[in-house]
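Colleague: Here the sequence shown is numbered in the numbering used here, starting from 529 and rising by one per residue. Glycine included, each C-beta is placed from N, C-alpha and C at the ideal position. Keep in mind that this is a model prediction, so the values were computed, not measured.
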Amino acid sequence: MHTFLSRANAVSAFSLSTLAFLTFLCFASTFFLDYTAPVKITAANIVLKNVPEYAVSREKNDLGALRFDLSSDLSDLFNWNTKQLFLYLTAEYETSNNKLNQVVLWDKIIHRSESPLIDLKNQHLKYYFWDDGNGLLGHKNVSLYLSWNIIPIAGTLPLWNGIGSYKVAFPTDYTQGRSY
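#1: Do you know offhand how far Ser540's Cα is from Ser641's?
#2: When the Cα atoms are used, what is the spatial distance from Asp647 to Gly592?
#3: Short of 6 Å in beta carbon distance, which residues of its chain neighbour Gly683, apart from the five on each side in sequence? Order them along the chain.
#4: Counting contacts by CB-CB distance shorter than 8 Å, is Leu653 in contact with chain C?
#5: So what does DSSP say about Asn607, is it helix, strand or coil?
#6: Spatial neighbours of His667 within its chain, please: C-beta separation below 7 Å, excluding the five flanking residues on both sides.
#7: Quick check: the segment 593-613 against the segment 545-564, are there 3 or more CB pairs under 8 Å?
#8: Straight-line CA distance for Ile727 to His639?
#9: Tell me which residue opens and which closes the alpha helix (DSSP H) that Leu553 is part of.
#10: Can you say whether Phe596 is buried or exposed, counting buried as having 16 or more other CB atoms within 10 angstroms of its CB?
#11: Do you know how far the Cα of Ala538 is from the Cα of Tyr694?
#12: Please state if the CB of Thr623 and the CB of Gly661 are separated by a distance shorter than 8 Å.
#13: Beta-carbon separation of Asn669 and Phe614 under 8 Å?
#14: Indicate whether Pro566 and Ser600 have their beta-carbon atoms separated by less than 8 Å.
#15: So Ser675 and Leu687 are in contact, right, with Cβ under 8 Å, and what is the actual spacing, rounded?
#16: Could you tell me which uninterrupted alpha helix (DSSP H) segments, each at least 4 residues in length, are contained entirely in the segment 580-630, listed from first to last along the chain?
#17: With the cut-off set at 8 Å, would you say Lys588 and Val579 are in Cβ contact?
#18: Could you check whether Lys649 and Asn635 sit closer than 8 Å to each other, using their CB atoms as the reference points?
Following this line, the structure appears as structure tokens:
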């Protein structure tokens, strides 16, 4: 006859195995879904300064600033396995120092209970747009992209990009004084 502890062990092992299998089915049911969405991004009030970045060194680096409009309907990204979305707006460009520069300019977390409709107008950048040198001066091909991580209830943490981007052209002269 089995003891109480051996029976409790068998029941708990069976329960945990069943829950692990159900969790895997939860992950597998949403793994192959397409999590892309159309995004509309525009930018204005583009300013460029050449100022010392005291956090790293005293060398003067380019500091860009702009305001952006962002709109997208992300309701198709939510399903029963989506806990929240982590959105971030990035700027990507190429300079002589680096083949690929990626700078996060803004981010936001959207919980399941919040509205998945994004409609931002004349929004300031959340983070500084530093370049490690003078690569933004006169740069005509800085692309803005909206990307997101889907935080699932169970499964992997996929990274997706929105469909649509915006090209920003920085001025050929530095802005003097206070502006923005």
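Modeller: Reading off the structure:
#1: Indexing the sequence shown from 1 puts residue 540 at position 12. Indexing the sequence shown from 1 puts residue 641 at position 113. Just so you know, the alpha carbons of Ser540 and Ser641 end up roughly 33 Å apart.
#2: Sequence index remark: in the sequence shown, residue 647 carries index 119 (1-based). Sequence index remark: in the sequence shown, residue 592 carries index 64 (1-based). Taken atom to atom, the span from the alpha-carbon of Asp647 to that of Gly592 is near 23 Å.
#3: The residue labelled residue 683 in the question sits at position 155 within the sequence shown. Within the same chain, Gly683 has close Cβ partners Phe555.
#4: Given the protein chain composition of this structure (a single chain), no chain C is represented.
#5: Sequence index remark: in the sequence shown, residue 607 carries index 79 (1-based). In the structure shown, Asn607 adopts coil according to DSSP, grouped into three states.
#6: Within the sequence shown, numbered from 1, the residue matching residue 667 stands at position 139. So the qualifying residues of the chain are Tyr621, Phe698.
#7: Judged by Cβ distances under 8 Å, the segment 593-613 makes contact with the segment 545-564, as three or more pairs qualify.
#8: Residue numbering for the chain in the displayed model covers 529 to 708; residue 727 lies beyond these limits and cannot be assessed.
#9: In the sequence shown, the residue the question calls residue 553 occupies position 25. Here the alpha helix (DSSP H) through Leu553 covers 532-559.
#10: By 1-based counting over the sequence shown, the position of residue 596 is 68. That one is buried.
#11: In the sequence shown, the residue the question calls residue 694 occupies position 166. In the sequence shown, the residue the question calls residue 538 occupies position 10. Counting only the Cα atoms, Ala538 lies some 58 Å from Tyr694.
#12: The residue given as residue 661 occupies position 133 in the sequence shown. The residue given as residue 623 occupies position 95 in the sequence shown. The answer is yes: Cβ separation under 8 Å.
#13: Numbered from its first residue, the sequence shown carries residue 669 at position 141. Numbered from its first residue, the sequence shown carries residue 614 at position 86. Cβ atoms of Asn669 and Phe614: not closer than 8 Å.
#14: Start at 1 with the first residue of the sequence shown, and residue 566 comes out as number 38. Start at 1 with the first residue of the sequence shown, and residue 600 comes out as number 72. Going by C-beta atoms, Pro566 is nearer than 8 Å to Ser600.
#15: Mapped onto the sequence shown, residue 675 falls at position 147. Mapped onto the sequence shown, residue 687 falls at position 159. The pair is a contact, with the Cβ atoms about 6 Å apart (cut-off 8 Å).
#16: Within the segment 580-630, no alpha helix (DSSP H) run of at least 4 residues lies entirely inside it.
#17: Working through the sequence shown from its first residue, we reach residue 588 at position 60. Working through the sequence shown from its first residue, we reach residue 579 at position 51. Yes, the pair counts as a contact, with Cβ atoms nearer than the cut-off.
#18: For the purposes of this step, residue 635 is identified with residue 107 of the sequence shown, where counting begins at 1. For the purposes of this step, residue 649 is identified with residue 121 of the sequence shown, where counting begins at 1. Correcting the residue identity first, residue 635 is Asp in this sequence and not Asn. Their beta carbons are not under 8 Å apart, which means Asp635 does not touch Lys649 by this criterion.
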